[in-house]
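The opening position of the sequence shown corresponds to residue 1 in UniProt numbering, with each subsequent residue numbered one higher. All C-beta atoms in this analysis are idealised placements derived from N, C-alpha and C, irrespective of residue type, glycine included. What follows is a short report on a single structure.
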Amino acid sequence: MSIFSENFSTEPWWWQGFRPPAPGEDPLPAGAVGTLVIGAGYAGTACALRLAEAGEEVLVLEAGALGQGASTRSGGQVSGGVNVGKGPDRKPVPAHRKAALLRDAAAGFTLFETLLERHQIRCGYHRGGRINGFWTPQHAEAWRQRLPELNEHARSEAVLLGREEVAAALGSDFYHGGVHIGRAGHVQPAEFYGGLLAAARRAGARFLGGVPVR
1 MSIFSENFST EPWWWQGFRP PAPGEDPLPA GAVGTLVIGA GYAGTACALR LAEAGEEVLV
61 LEAGALGQGA STRSGGQVSG GVNVGKGPDR KPVPAHRKAA LLRDAAAGFT LFETLLERHQ
121 IRCGYHRGGR INGFWTPQHA EAWRQRLPEL NEHARSEAVL LGREEVAAAL GSDFYHGGVH
181 IGRAGHVQPA EFYGGLLAAA RRAGARFLGG VPVR
């Protein structure tokens, strides 16, 4: 007896919307290129798009299939700044540094939405916000203290919620209140990557998978 259902697949569900293409789709240039980008994930592809739009000749090399990693496998949550300051070592981030990181994160969220609109990327994006539940009273107090800087520097549109409000929204009375972050949403990550890749190629960037760089 198999423990798996009949339609079980080892591939990410997101790949039903966009499947990473086989390596070697674009030809190598005959000579040198203006800019070589190593890695064809979100960052490398967005970099190539920006450079190609500016008239630069760009070649992107990827060790495996284009977008085969986290870019087409993530949970698809989108926000700007909520996780700034978190770290395994729990070392505090200086206030001026944290403010700069929050502003950069906010700019990244704006860039994401701008890319979707400018290049008409259809990827199921929904800006519905997100709710973070507070596990303990101490967790709630920590969020109350960080809320002002999130709204000031990251423009998070974050609002505290009472215990009853969170219970009504999530169907659970476990949480000690929560926070609703308006500047957040969800995307089909593989379709977003596919749209970004197509936009970069239209702009003239070339991509080559199956080329590990050492």
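| Query | Result |
| --- | --- |
| With distances taken Cα to Cα, identify the nearest neighbour of A205 among R19, F4, G108 and E56. | E56 |
| Let's see if you can read the secondary structure: which residues bound the alpha helix (DSSP H) around L61? | From DSSP, L61 is part of no alpha helix (DSSP H) but of the beta strand (DSSP E) over V58 to L61. |
| In angstroms, rounded to a whole number, what distance separates the CA positions of L197 and G129? | 26 Å |
| Below 8 Å on the Cβ atoms is my guess for G162 versus G177; work out the distance and round it to an integer in Å. | 5 Å |
| Please tell me whether W15 and A190 are closer than 7 Å, where the distance is taken between their beta carbons. | yes |
| Please report the Cβ distance between E53 and G39, rounded to the nearest whole angstrom; I am assuming they are in contact, meaning their Cβ atoms lie under 8 Å. | With a Cβ gap of about 19 Å, E53 and G39 do not count as contacting. |
| Using the DSSP secondary-structure output, state which residues sit across from T35 in a beta bridge. | V58 |
| Ordered along the chain, which non-local residues of its own chain (more than five positions away) have a Cβ less than 7 Å from that of L28? | L208 |
| Rounded to whole angstroms, what is the Cα-Cα separation between V78 and G185? | 5 Å |
| List the whole-angstrom C-beta distance separating A65 from P12, where the pair is believed to meet the contact cut-off of C-beta under 8 Å. | Not really, about 12 Å apart at Cβ, beyond 8 Å. |
| Smallest Cα separation from A46: which of A142, F112, A158 and R122? | F112 |
| If we count the other Cβ atoms within 10 Å of its Cβ and call it buried at 16 or more, is T114 buried or exposed? | exposed |
| Can G44 and V60 be called in contact, C-beta distance under 7 Å? | yes |
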